Amino acid sequence: MIRDLVWFKSSYSSSSEGDSCVEVATTPAAVHVRDSKVVDGPVFQVASSAWTEFVTYASGGDHRGQ
7 MIRDLVWFKS SYSSSSEGDS CVEVATTPAA VHVRDSKVVD GPVFQVASSA
57 WTEFVTYASG GDHRGQ
């Protein structure tokens, strides 16, 4: 259940607008993402493997097809 998830945000979000970021919570099957300012709002859920590919791409580690 989503209410039982343990949420965290990046250590890079400690700027003057530290609440302007997303939080993530992980389970074996999925990664859940929410707006840190709206903790009772909608949650985006993606398969763990898709999240891994996204993070790898976003960090500059893999740009297949570019």
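Just so we're aligned, residue 7 is where the sequence shown starts under my numbering, counting upward by one.
Just so it is clear, CB atoms sit at the ideal spot from N, CA and C, and this is done for glycine as well.
What you are looking at is a predicted structure, and each value in this text was computed from that prediction instead of being measured.
Could you give the DSSP three-state label for T58: helix, strand or coil?
Locating residue 58 in the sequence shown gives position 52, where the first residue counts as 1. Looking at T58 - three-state DSSP - the assignment turns out to be helix.
To the nearest angstrom, how far is it from the Cα of S54 to the Cα of G67?
As a working mapping, residue 54 is identified with position 48 in the sequence shown. As a working mapping, residue 67 is identified with position 61 in the sequence shown. C-alpha separation (whole angstroms): 17 Å.
Go to V39, then tell me how far its beta strand (DSSP E) extends in each direction, as first and last residue.
Indexing the sequence shown from 1 puts residue 39 at position 33. Counting along the chain, the beta strand (DSSP E) containing V39 begins and ends at 36-41.
Going by C-alpha distance, which of A35, D10, V49 is nearest V28?
On the sequence shown, residue 28 is found 22 positions in, with the first residue counted as 1. Selected option, being the one with the closest Cα: V49.
Through-space distance from A56 to T62, alpha-carbon basis
As a working note, residue 62 is residue 56 in the sequence shown. As a working note, residue 56 is residue 50 in the sequence shown. If you take the alpha carbons of T62 and A56, they lie about 10 Å apart.
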